[in-house]
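Everything below concerns the one structure shown next.
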DNA sequence: AAGGCTTTTTAACAAATGTTAAAAATGGAA
DNA sequence: TTCCATTTTTAACATTTGTTAAAAAGCCTT
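Protein chains in written order, with our numbering: chain A, 87 to 335; chain B, 87 to 335.
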């Protein structure tokens with residue numbers, strides 16, 4: 087892992103400001119954070135299940151997955167992470183990583199020492215709430231994944247994931263006209279959806295055959311967003327937070 | 087819904103002290119909370135998906151489920167809640183309830199006004215962290231449910247849920263020698279596991295036939311805990327937090 | 001004890017998805 | 001360009017799980 091010190095809290099500040107308003111003091115505190123950046127190649131593990139990390143990571147560029155290994159050797163991807171996500175914020179409170187984070191593409195990661203994150207929390211209740219809100223969104227997405235895998239057939243399930251992905255990327259400006267980067271193999275998609283690679287392939291052909299999507303060379307496009315939402319039984323409500331003035335005055 | 091004012095922050099204080107240490111000021115603040123208790127009959131909805139509640143609930147007695155409805159009318163239970171849980175704490179930050187909470191048994195619920203919870207957070211960083219930690223455990227359980235439903239076959243899946251339930255009830259002193267109340271119909275169990283009632287029944291017979299469990303009149307017992315853990319591919323790590331001194335000094 | 005509702009169990013069959021293996025296509029690296 | 005590895009696609013078949021319906025058992029109320 088190659089890391090370098092940087093003075094670039096910009097992306098982190100923008101991230102937190104999507105979660106909650108920050109005042110000048112808070113922005114200044116974030117700006118003074120000693121941050122490092124690390125780069126990972128596709129397939130590299132960023133953090134491993136069972137690790138006891140002393141830092142959190144924020145995705146600057148690239149895509150990652152969070153996965154757990156089961157007894158028989160299978161792997162379940164429990165979330166995909168996109169730029170702006172802080173996928174292991176829970177490591178501030180949980181002793182051992184319950185998932186592995188793996189880079190799906192060339193990925194740039196911001197490293198935030200736990201110590202620094204805790205100092206920030208102690209200094210600013212609002213930043214604490216922002217962190218908490220980040221983990222709540224992750225929890226809401228996880229619950230929706232339970233529903234998706236537990237109740238929906240393969241076609242609906244995959245359509246739902248595509249909708250979720252486009253919706254989340256849109257928030258950070260990475261989806262343009264229902265078109266986004268989605269650099270995942272069909273095998274990975276299967277691991278995320280609890281489906282075999284072969285069945286994923288069948289399902290994709292059906293979605294393409296219905297003219298709902300195209301997905302080539304890692305670029306996903308929804309051709310008829312409304313219809314895709316309907317086929318995917320997708321309602322984006324679970325992705326959004328209450329306005330921060332409800333929480334903090 | 088019948089409610090009555092009470093002066094009984096005791097259970098709430100004990101709950102939070104399982105999450106983080108509290109000092110006298112914090113205990114006093116909790117003690118002064120204007121709390122109400124509500125009672126629900128089996129099958130009654132405590133909070134409904136889409137609601138915008140002004141309060142959180144803490145389970146004092148009884149069992150509840152959190153579920154989401156899907157487009158075709160199906161229902162997925164995304165979590166079971168036991169005494170000590172605060173199942174809708176996320177409503178402090180999320181505008182609309184993303185799940186419905188339903189009483190599975192006669193249930194006593196403590197109501198905490200959002201306003202009061204927010205004041206507590208503003209007064210005590212430690213209580214904020216305690217709340218955050220509660221939601222993180224819920225998130226960890228949700229991720230494990232994704233794994234359970236996505237990767238494990240029916241037998242393993244149900245065995246895993248039984249292990250999780252016994253382990254969680256044990257923490258609050260409600261499991262004795264791997265024996266606990268688990269007042270759920272096979273239909274509900276199916277909704278939780280993404281399996282049909284019929285298949286749940288087949289699976290239970292297999293578990294009983296192997297002498298791993300008994301489950302009669304709502305009382306679940308693991309006869310050979312180690313073996314049940316193994317069949318259920320259960321590792322309780324995801325249920326526990328870092329000691330609080332790691333987080334706050 | 002009888003009646004009626006809910007829950008569990010059984011059975012036969014249907015459908016969705018998994019498995020294995022191989023062929024075709026794709027994309028880098030030399 | 002060619003080669004090699006990875007990924008996607010196809011095919012045939014196996015297995016798990018779902019569906020429907022009805023019977024049996026359990027449980028609450030009268």
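Even for Gly, the Cβ is constructed at its ideal location relative to N, Cα and C. Computed from a predicted structure; not experimentally measured.
**OP:** Would you grab the beta carbon distance between residue 188 of chain A and residue 250 of chain A for me? Rounded to a whole angstrom, and I think it's under 8 Å.
**Re:** Contact check for residue 188 of chain A and residue 250 of chain A: beta-carbon distance about 19 Å, past the 8 Å limit, so the pair fails to qualify.
Subject >> Test: residue 182 of chain B CB closer than 7 Å to a CB of chain A >> reply: Taking Cβ atoms only, chain A reaches closer than 7 Å to residue 182 of chain B, which makes this a yes.
Subject >> Inter-residue spacing [alpha-carbon to alpha-carbon] between residue 254 of chain A and residue 295 of chain B >> reply: 46 Å
**OP:** Can you give me the Cβ contacts of residue 95 of chain A inside the same chain, cut-off strictly under 7 Å, excluding the 5 residues immediately before and after it?
**Re:** If we look at residue 95 of chain A and ignore the five residues flanking it on each side, its Cβ neighbours are 116, 117, 119 and 121.
**OP:** Kindly list the residues whose CB is nearer than 8 Å to the CB of residue 305 of chain B, restricted to its own chain and excluding five residues on each side of it in sequence; keep chain order.
**Re:** Excluding sequence neighbours, residue 305 of chain B sits near 265, 266, 267 and 268.
Subject >> Inter-residue spacing [alpha-carbon to alpha-carbon] between residue 282 of chain A and residue 276 of chain A >> reply: 5 Å
Original post:
Which residues, taken in chain order from the region 209 to 226 of chain B, show a beta carbon closer than 7 Å to some beta carbon of chain A?
Top reply: 211, 214, 218, 219, 221, 222, 224, 225 and 226
**OP:** State the start and end residues of the unbroken beta strand (DSSP E) segment that holds residue 193 of chain B.
**Re:** 193 to 199
**OP:** Report the residue from A:219, A:248 and A:126 whose alpha carbon sits nearest the alpha carbon of residue 193 of chain A.
**Re:** A:126
Original post:
Do you know offhand how far residue 225 of chain A's Cα is from residue 221 of chain B's?
Top reply: 8 Å
Original post:
Alpha carbon to alpha carbon, what distance is there between residue 328 of chain A and residue 216 of chain B?
Top reply: 20 Å
Original post:
DSSP beta-bridge partners for residue 208 of chain A?
Top reply: None, per the DSSP bridge assignment.
**OP:** Mind listing the chain B neighbours of residue 235 of chain A? Cutoff is C-beta to C-beta under 8 Å, in chain order.
**Re:** 232, 235, 236 and 280
Original post:
Is residue 268 of chain A helix, strand or coil by DSSP?
Top reply: Coil.
**OP:** Could you pull out every residue in the same chain whose Cβ sits closer than 6 Å to the Cβ of residue 338 of chain B, ignoring the five residues on either side in sequence?
**Re:** Since the displayed chain B opens at 87 and closes at 335, residue 338 of chain B lies outside it and no answer follows.
Original post:
Within 10 angstroms of its Cβ, does residue 331 of chain B collect 16 or more other Cβ (buried), or is it exposed?
Top reply: exposed
**OP:** Check residue 182 of chain B in the structure and name its three-state DSSP category.
**Re:** coil
**OP:** Give the DSSP-derived three-state secondary structure of residue 177 of chain B in the structure shown.
**Re:** Note: residue 177 of chain B maps to helix in three-state DSSP.
Original post:
So, helix, strand or coil for residue 217 of chain A, using DSSP?
Top reply: helix
Subject >> residue 274 of chain A at chain B interface by Cβ criterion, 7 Å >> reply: It does not; no Cβ of chain B falls within 7 Å.
Original post:
Would a check of beta-carbon distances place residue 108 of chain A closer than 7 Å to chain B?
Top reply: no
Original post:
How is the beta strand (DSSP E) around residue 167 of chain A delimited, first residue to last?
Top reply: 161 to 167
**OP:** Report back the beta-carbon spacing between residue 153 of chain B and residue 164 of chain B to the nearest angstrom; my notes put them in contact at under 8 Å.
**Re:** 6 Å
Original post:
Does residue 319 of chain A have its Cβ less than 7 Å from a Cβ in chain B?
Top reply: Yes, contact with chain B.
**OP:** Measure the alpha-carbon distance for residue 168 of chain A versus residue 178 of chain A and round it to whole angstroms.
**Re:** 20 Å
Original post:
Straight-line CA distance for residue 209 of chain A to residue 212 of chain B?
Top reply: Distance between the alpha carbons of residue 209 of chain A and residue 212 of chain B is about 13 Å.
**OP:** Return the residues of the region 156 to 170 of chain A that lie within a Cβ-Cβ distance of less than 7 Å from chain B, sorted by chain order.
**Re:** 156, 157, 160, 162 and 164
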